[in-house]
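Below you'll find the structure, written out as structure tokens, and then a few comments.
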Amino acid sequence: MKLRLAMLVAAFSGFVALSYEIVWYRVLSFMTRGIASTFGLLLAAYLFGLAIGARASASLCKNEGADARHLRWLAAFVAVANVMAGLVAPSLAWSAHFTDFRFGLVVIALAAAFLGSVLPLVSHFGIAPDERAGTRLSYVYFANIVGSTAGSLVTGFVLMDHLSTVAITQVLVVAGFGLSAVIVAMSSPSRRISAISYGALGAFTAITLLVLPKFYDRLYERLLYKWDFDGTQRFAQVVENKSGVITVAQDGTVYGGGAYDGVVNTWLDANDKNGILRAYVVGALHPAPREVLMIGLASGSWAQVVANLPGVEHFTIVEINPGYAQVVSRHPDTASLLTNPKVDVVFDDGRRWFLRHPGRKFDVIVMNTTLHWRGHSTNILSTEFLDIARTHLQPRGVLYFNTTNSYDVQLTAAKAFPHLMRITNFVAVSDEPFNFDRQRWKWLLETMRIEGHPILDMTRPDHQHIYEDLLGFNDMEYRSSILERTSKQATVITDDNMIVEWREPLRWPERE
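Okay, so the sequence shown: first residue is 63 according to this note's numbering, each after it adds one.
Next comes the structure, spelled out in structure tokens:
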């Protein structure tokens, strides 16, 4: 094998290997619902597998006369590694029905071991054992790094924005078998060996391409429902892009990255499965919420309610994943939000958007925050973030966000602001006194409409009962009580301690 070919093979194998790692991270992260330790666990398994594979390949590097025929061993290893890597995601989905992510880490390590065997073999067959061996090794290693970097960038930012997980895997499978074919060609095979090798690779490629969609069928359903998956569940919508995976169940429940992200519903009737009451409460917390900001779009249900609150003149929504626009546009209850003239939807990171728009101020900032124990939640729950949000509040402005019942989040909010009110699992905070105005609440329930429809139809007896119950709504708690309740068992969240993410680093849902 010539040095240039060795560099090409090293680069291409690095591209494929790191591309698979990106795919595996997406699948494993969905399986774990995005816990902060996911990437660390994946990386540990991946590197361990690479090391084992590299060490195991040493037995094939003992011969001193590594001629072209030995390249067929390399081609075989590339092909086997390719198949193993393509089966990791279905294996994770299958294992979710029986156990947690630990089995998946073993599968990842095993597949990585086969991938890890390629670079040592390339180096052995492509570098002459002379005085320039060290220099040539550095070239091969450099090529592998370039390919690995390119794989991460191209797959992570391009392929994932245009192809599904199974389609990306099919692309990588074709690339892997194609690389094997190139290596076989460089081994100077006889006609008989060529026919056998190319025929086998062609057959394996065709079979793999045909079989993979079956193996990946309802991949995300299996990963999400785990032991509750019975073969009948199928998502109504799956959106995959470089920002993540969004799935929508048949009943309108939305999951972002494998974690609950709301339900498509804007009404206060008996089917209030998403606690939409909390969105309507915004109208009772501020006397004139003209300028409103919401961080997070999700199903669009909350945004639709807030956009129709009396007095709202301009509504800015900042969402990090543009895929949610596809979810919103697909449902009649929320589709009009995207064409509402007073609504601006911006796709950006919420914290970054704050820092890039220091002059923007709002009467109310709403955040239906993701589950506090997920990775990166610190970015929108820490003391430092609350200090940033404070600078974007108008005088008498209110920040209203979901604590997801975390004592750490509640304590952090109580320490950061002098005025606080807990409303169910949300907290409303401000630098100035505010209250839950019951007269305004009553007026809102009686008069508010969404797209011309009253939120409660007083001609219906069931809506009259809901109205009476809502008038007496009292699931509230004030700052002094929260400080007393949480101070001894909670910790103030900072960018440095990331306590909410790492209190349960191996969190896994309990089987009911």
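All residues carry an ideal CB built from backbone N, CA and C; glycine is no exception.
**Item:** Bridge partner(s) assigned by DSSP for leucine 482
**Value:** The residue you call residue 482 lines up with position 420 of the sequence shown. Paired residue(s): Val491.
**Item:** Residue closest to leucine 67, alpha-carbon to alpha-carbon, out of Ile97, Phe139, Ile114 and Leu241
**Value:** Locating residue 67 in the sequence shown gives position 5, where the first residue counts as 1. Comparing Cα positions, the closest option is Leu241.
**Message:** Pull the bridge partners of phenylalanine 463 from the DSSP assignment, please.
**Reply:** The residue given as residue 463 occupies position 401 in the sequence shown. Residue pairing by DSSP puts phenylalanine 463 in a beta bridge opposite Met429 and Val489.
**Request:** Could you give the DSSP three-state label for glutamine 295: helix, strand or coil?
**Result:** If you number the sequence shown from 1, residue 295 lands on position 233. When DSSP states are grouped into helix, strand and coil, glutamine 295 belongs to the coil group.
**Asked** Between the C-alpha atoms of arginine 280 and alanine 311, what's the straight-line distance to the nearest angstrom?
**Response** Looking up residue 280 in the sequence shown gives position 218. Looking up residue 311 in the sequence shown gives position 249. Their Cα atoms are separated by approximately 12 Å.
**Request:** Take every Cβ of the region 479-491, pair it with every Cβ of the region 505-516, and state whether three or more of those distances are shorter than 8 Å.
**Result:** They do not touch, by the three-pair rule.
**Request:** Could you have a look at glutamine 526 and say whether DSSP puts it in helix, strand or coil?
**Result:** Sequence index remark: in the sequence shown, residue 526 carries index 464 (1-based). Three-state DSSP puts glutamine 526 in a helix.
**Asked** Where DSSP assigns a beta bridge to threonine 315, which residues make up the other side?
**Response** Walking along the sequence shown from the start, residue 315 turns up at place 253. DSSP, once it has assigned bridges, lists Val325 as partnering threonine 315.
**Message:** Please report the straight-line C-alpha distance between valine 316 and valine 380, rounded to a whole angstrom.
**Reply:** For the purposes of this step, residue 316 is identified with residue 254 of the sequence shown, where counting begins at 1. For the purposes of this step, residue 380 is identified with residue 318 of the sequence shown, where counting begins at 1. So the two alpha carbons sit approximately 18 Å from each other.
**Asked** According to DSSP, is aspartate 406 helix, strand or coil?
**Response** In the sequence shown, counting from the first residue as 1, residue 406 sits at position 344. Strand at aspartate 406.
**Prompt:** Taking all protein chains shown into account, do 16 or more other C-beta atoms lie within 10 angstroms of the C-beta of aspartate 290, making it buried, or fewer, making it exposed?
**Reply:** As a first step, residue 290 must be located in the sequence shown, where it is residue number 228. Looking at its Cβ environment, which holds fewer than 16 other Cβ atoms inside 10 Å, aspartate 290 is exposed.
**Asked** Within 10 angstroms of its Cβ, does leucine 90 collect 16 or more other Cβ (buried), or is it exposed?
**Response** Within the sequence shown, the letter at position 28 stands for residue 90. Leucine 90 comes out buried.
**Message:** Rounded to whole angstroms, what is the Cα-Cα separation between threonine 432 and serine 214?
**Reply:** Taking the first residue of the sequence shown as position 1, residue 432 is located at position 370. Taking the first residue of the sequence shown as position 1, residue 214 is located at position 152. Distance between the alpha carbons of threonine 432 and serine 214 is about 27 Å.
**Buried versus exposed, by CB contacts within 10 Å (16 or more), glutamate 302** = Translated into the one-based positions of the sequence shown, residue 302 becomes position 240. Around the C-beta of glutamate 302, 16 or more other C-beta atoms lie within 10 Å, and the residue is accordingly described as buried.
**Request:** Identify every residue that forms a DSSP beta bridge with methionine 356.
**Result:** The sequence position of residue 356 within the sequence shown is 294, counting from 1. Ile379 and Val428, per the DSSP bridge assignment.
**Asked** Can you tell which of Gly196, Pro152 and Gly188 has the C-alpha that lies nearest to the C-alpha of threonine 231?
**Response** To locate residue 231, count along the sequence shown from 1; it is residue 169. Just measuring C-alpha positions, the residue of Gly196, Pro152 and Gly188 sitting nearest threonine 231 is Pro152.
**Item:** Sequence-distant residues of the same chain with beta carbon closer than 6 Å to lysine 423, five excluded per side
**Value:** Locating residue 423 in the sequence shown gives position 361, where the first residue counts as 1. Beyond the five residues adjoining it in sequence on each side, lysine 423 comes within less than 6 Å, by CB distance, of His454 and Gln456 in the same chain, given in chain order.
**Request:** Can you tell me the Cβ-Cβ gap for tyrosine 595 and isoleucine 170, rounded? I've got them flagged as a contact below 8 Å.
**Result:** A query on residue 595 cannot be resolved here, the shown segment of the chain reaching from 63 to 574 and no further.
**Whole-angstrom C-beta distance between glutamate 563 and threonine 440, which should lie under 8 Å** = Working through the sequence shown from its first residue, we reach residue 440 at position 378. Working through the sequence shown from its first residue, we reach residue 563 at position 501. Indeed, because the Cβ distance is near 6 Å, the residues count as touching under 8 Å.
**Item:** Pairwise C-alpha distance: valine 408 and alanine 369
**Value:** Against the sequence shown, residue 369 aligns to sequence position 307. Against the sequence shown, residue 408 aligns to sequence position 346. Spanning the two alpha carbons is a distance of roughly 15 Å.
**Sequence-distant residues of its chain with Cβ nearer than 8 Å to arginine 511 (five each side left out)** = Here residue 511 refers to the residue found at position 449 of the sequence shown. These residues qualify, in order along the chain: Asn370 and Ile517.
**Prompt:** Taking just the CA atoms, how far does aspartate 411 sit from alanine 478?
**Reply:** The count along the sequence shown starts at 1 and reaches residue 478 at position 416. The count along the sequence shown starts at 1 and reaches residue 411 at position 349. Taking the Cα positions, alanine 478 is about 22 Å away from aspartate 411.
**Request:** Using beta-carbon positions only, say whether valine 344 and phenylalanine 377 come within less than 7 Å of one another.
**Result:** Taking the sequence shown and counting its residues from 1, the one referred to as residue 344 is at position 282. Taking the sequence shown and counting its residues from 1, the one referred to as residue 377 is at position 315. It is not a contact, given that the beta carbons lie outside the stated cut-off.
**Prompt:** Does the region 467-483 come close enough to the region 539-555 that 3 or more CB-CB pairs lie under 8 Å?
**Reply:** The region 539-555, when compared against the region 467-483, does touch it at the 8 Å Cβ threshold.
**Pairwise C-alpha distance: aspartate 537 and histidine 527** = Translated into the one-based positions of the sequence shown, residue 527 becomes position 465. Translated into the one-based positions of the sequence shown, residue 537 becomes position 475. If you draw a straight line from the Cα of histidine 527 to the Cα of aspartate 537, it comes to about 18 Å.
**Item:** Top-ranked residue by Cα proximity to leucine 347, from Met146, Pro495 and Trp570
**Value:** On the sequence shown, position 285 is the one that residue 347 refers to. Taking only the C-alpha atoms, the option nearest leucine 347 is Pro495.
**Prompt:** Whose CA, out of Gln295, Met356, Ser250 and Val233, lies closest to the CA of leucine 274?
**Reply:** Reading the sequence shown from its first residue, position 212 is the one you call residue 274. Comparing Cα-Cα distances from leucine 274 to each of Gln295, Met356, Ser250 and Val233, the minimum goes to Val233.
**Message:** Closest to glutamine 388 by C-alpha separation, out of Ala212, Gly362, Phe219 and Thr161, would be which residue?
**Reply:** Position 326 of the sequence shown, counting from 1, holds the residue named residue 388. Minimum Cα distance to glutamine 388 is reached at Gly362.
**Prompt:** Around the C-beta of leucine 533, are 16 or more other C-beta atoms found within 10 angstroms, so that it is buried, or is it exposed?
**Reply:** Translated into the one-based positions of the sequence shown, residue 533 becomes position 471. That one is exposed.
**Request:** Pick out the complete beta strand (DSSP E) segments inside the region 177-213, 3 residues or longer, and give them in chain order.
**Result:** DSSP runs (the beta strand (DSSP E)) wholly in the region 177-213: none.
**Asked** Around the Cβ of glutamine 551, are there at least 16 other Cβ atoms within 10 angstroms (buried) or fewer (exposed)?
**Response** Taking the sequence shown and counting its residues from 1, one reaches residue 551 at position 489. Exposed: under 16 other Cβ atoms inside 10 Å.
**Request:** Could you give the DSSP three-state label for tyrosine 540: helix, strand or coil?
**Result:** Counted from its first residue, the sequence shown places residue 540 at position 478. Strand.
**Message:** Quick check on the DSSP output: the beta strand (DSSP E) that includes valine 310 runs from which residue to which?
**Reply:** In the sequence shown, the residue the question calls residue 310 occupies position 248. Its beta strand (DSSP E) spans residues 306-310.
**Among Arg194, Asp192, Phe163 and Asn144, nearest to alanine 175 - alpha-carbon criterion** = To locate residue 175, count along the sequence shown from 1; it is residue 113. Of the candidates Arg194, Asp192, Phe163 and Asn144, the residue whose Cα lies closest to the Cα of alanine 175 is Asn144.
**Message:** Suppose contacts are defined by Cβ-Cβ distances below 7 Å. Is asparagine 430 in contact with tryptophan 364 by that definition?
**Reply:** By 1-based counting over the sequence shown, the position of residue 430 is 368. By 1-based counting over the sequence shown, the position of residue 364 is 302. Their beta carbons are under 7 Å apart, which means asparagine 430 touches tryptophan 364 by this criterion.
**Request:** Could you check if histidine 224 is buried or exposed, using at least 16 other CB atoms within 10 Å of its CB as the buried criterion?
**Result:** As a first step, residue 224 must be located in the sequence shown, where it is residue number 162. Exposed, since its Cβ has fewer than 16 Cβ neighbours within 10 Å.
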